[in-house]
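A short write-up of the structure that comes next.
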Amino acid sequence: MGATPAILSLDQGTTGTTAMVVSRDGRVLGRAYSEFTQHFPQGGWVEHDAQEIQEVTIRVARGALEEARNLEPHRVQGIGITNQRETIVVWDRETGRPVHRAIVWQDRRTASICRELKKGGHEQEVRERTGLLLDPYFSGTKLTWLFREKPELRRRAEAGELACGTIDSWLIHCLTGGAVHATDPTNASRTLLYDLHRHAWSPEMAGILEVPERLLPEVRPSSGDFGVALGEHLGVEAPIGGVAGDQQAALFGQGCWKEGLAKNTYGTGAFLLLHTGQDPVMSEHGLLTTVACDAQGKTAYALEGSIFVAGAAIQWLRDQLGILAEAPDSEAMARSLEGNAGVYFVPAFVGLGAPHWDPEVRGALFGLTRGTADTHLVRAALEAMAYSTEDVLRAQEADSEVEARELRADGGAAENDWLMQFQADLLGIPVRRPALVETTALGAAGLAGLHTGLWSSGEEFLAAQGEPRIFRPHMSEAQRTRLRTGWRRAVDAARAFTASETGD
Ligand code: ADP
């Protein structure tokens, strides 16, 4: 028997990198994960050492390949890369070394630059050109900050001596030995520098953000040619054939390739993306417009809404209140109750994201009585994930004028069957959970496998993934309305409390 053809998928996340070796029939032949160092040089600042990210990524890739080799003989036909989005690296073209630590998406140091740009009247133009908001989250103002702080780097950037990119570009640069400086449209669309309509870097945005255009990588199709990873790094030489930002890779991995298909990743926070087809939809409800992939990995669009606190509310109940030992215990606790007994939990620890965008509001619990028990709090935290998801999905439907017919779920908290059933009940549509919830890594493998011919179509890739589990709605409309009304009143009350606190 010949060697099994496979794809090596690299999922470079915020706290660690996962490597997976995936075969044509969807089996994971090898897997490895490692965390790396988080740097917090000042309050609100978050940095990564790009060199360490390179080393950790190569180490886990080699680990996954070795595990796969021990399982069965295989041949790496291609490499897929997916990554934490918006984090930005600047490096020296000559030495290939970073000139500064990577500034991470979570970093808030550019809040004042964002305020300055808003005052300068740029908000509308930013929205129209990039689909994004002026928020420190995105990469662009991180570069503005760097070049304002370090004029020497600006001079070198203008002279063409430096290169920049999101983590995908950095890894492509490292793995190809500096031969390729490229990114894909999904990552480019998170920088504030990419024109959504022209499918190219925006000279206007580069001007506004004071970013020398010579720094920027070439934008290539997500399922396409990103050069060859050298054997000296991974022990095997293989083409890099797929690249996408983590949420877009998950959207692709879930088979959401067409208008009206949506996925939600229930992790620490939650990210809900609705595919809107071939045209960008501008939001009236606080959502972002972002690039996604179609079934061939070509450019399409999605509306994105983020929920800042999802599984983190369960973590809080576990670590701060100590009312459960492990996050999965939440399932039996919620199930032990007939109903929520009127208890609602708005876990707005860091404000509310889409569609409310209220940074000042803080968390609140409502409806407590002497009979309220730990189980009620846990159930209310799980219910909050489902209500917040519904709020974003309804905003997406209103913006796109498309009704979602199904929600595809992944991420750590999607393992919770009670939550999945409650979500289906609340939305009144089926919730579909794939056999393997690591859809981010799978999505990157899919994009690379399509380019290198491991799968001949998106459908063939999806069919290899095993049977999903479908949770169908059973709840009555009256019950749904009662629950939604309770949640809405709780959110309004939490916001009203903040407004009175700040004297608004
Ligand atoms: P991330 O990628 O954001 O680190 P994961 O996808 O690994 O997150 O999911 C971890 C989060 O999901 C944690 O916040 C945890 O509290 C929550 N979680 C994990 N398992 C369950 C479960 N069975 N039920 C509810 N929440 C869970």
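End of the sequence shown sits at 1101 in the numbering used here; the numbers just go up one at a time, nothing left out.
Heads up, the beta-carbon is just placed ideally off N, CA and C, and yes, glycines get one too.
- The C-alpha of T780 is placed about 6 angstroms away from the C-alpha of E815.
- In chain order, I710, L806, E807 place their CB closer than 6 angstroms to the CB of T741, counting only its own chain and leaving out the 5 sequence neighbours on each side.
- Counting along the chain, no alpha helix (DSSP H) covers D876, and no H or E run does either.
- When the beta-carbon positions are compared, L768 and I650 come within less than 9 angstroms of each other.
- Straight across, the Cα-Cα distance linking P925 with A983 is about 16 angstroms.
- Restricting attention to beta strand (DSSP E) runs no shorter than 3 residues, the region 676–753 encloses them at 685–689, ordered along the chain.
- Residue environment: S933 is assigned as exposed (fewer than 16 neighbouring CB atoms within 10 Å of its CB, all protein chains considered).
- Taking C-beta atoms as the reference points, F868 and Q844 count as a pair closer than 9 angstroms.
- Per the coordinates, the alpha-carbon of L605 lies some 7 angstroms from the alpha-carbon of A1042.
- With a cut-off of 8 angstroms on Cβ pairs, the region 1043–1050 is not in contact with the region 989–1001, counting fewer than three such pairs.
- In terms of side-chain proximity, the C-beta atom of L1016 is found nearer than 8 angstroms to a non-hydrogen atom of the ligand ADP.
- A residue is called buried when at least 16 other Cβ atoms come within 10 angstroms of its Cβ; P638 does not meet this threshold and is exposed.
- In the displayed model, D622 falls within coil according to three-state DSSP, outside both helix and strand.
- Every beta strand (DSSP E) of 3 residues or more that sits fully in the region 784–869 is shown, in chain order, as 835–842, 859–863.
- Within a 10 Å sphere around the beta-carbon of Q1062 sit 16 or more other beta-carbons, which makes this residue buried.
- Taking all protein chains in view, the Cβ of P670 is surrounded by fewer than 16 other Cβ atoms within 10 Å, so the residue is classified as exposed.
- Exposure of P800 is indicated by the presence of fewer than 16 other C-beta atoms within 10 angstroms of its C-beta.
- A859 and G939 have their alpha carbons spaced roughly 30 angstroms apart.
- In this chain, the alpha helix (DSSP H) harbouring T986 covers 971–997.
- When distances are taken from the beta-carbon of E632 to the heavy atoms of the ligand ADP, even the shortest one reaches 8 angstroms or more.
- Scanning its chain for C-beta atoms nearer than 8 angstroms, with the 5 sequence neighbours on each side dropped, one finds around T614 the residues L607, D608, Y630, S631, F633, I650, V653, T654, V657, in chain order.
- Membership of F942 in any alpha helix (DSSP H) is not indicated; the residue belongs instead to the beta strand (DSSP E) covering 941–943.
- Within its own chain, the residues whose Cβ lies closer than 8 angstroms to the Cβ of C890, once the five positions on either side in sequence are excluded, are T783, S819, S820, A841, Q845, L848, F849, W854, T896, A897, L1044, listed in chain order.
- P809 is not a Cβ neighbour of G675, given a cutoff of 9 angstroms.
- The Cβ neighbour count for F946, taken over all protein chains shown within 10 Å, is under 16; the residue is labelled exposed.
- A603 carries a strand assignment under DSSP once its states are collapsed to helix, strand and coil.
- T788 sits close to E683, with the two beta carbons spaced by under 9 angstroms.
- With fewer than 16 other CB atoms across the displayed protein chains lying within 10 angstroms of its CB, D971 is exposed.
- Counting the other Cβ atoms within 10 Å of the Cβ of W798 gives 16 or more, which makes it buried.
- R1005 is a Cβ neighbour of N861, given a cutoff of 9 angstroms.
- In the DSSP secondary-structure assignment, L759 is bridged to D689.
- For D891, the secondary structure class from DSSP, reduced to helix, strand or coil, is coil.
- Contact annotation, E1057 with A1032: C-beta distance approximately 16 angstroms; criterion of less than 8 angstroms not satisfied.
- For S933, DSSP assigns no beta-bridge partner whatsoever.
- Here the alpha carbons of E980 and E928 stand approximately 11 angstroms from one another.
- A residue is called buried when at least 16 other Cβ atoms come within 10 angstroms of its Cβ; L626 meets this threshold and is buried.
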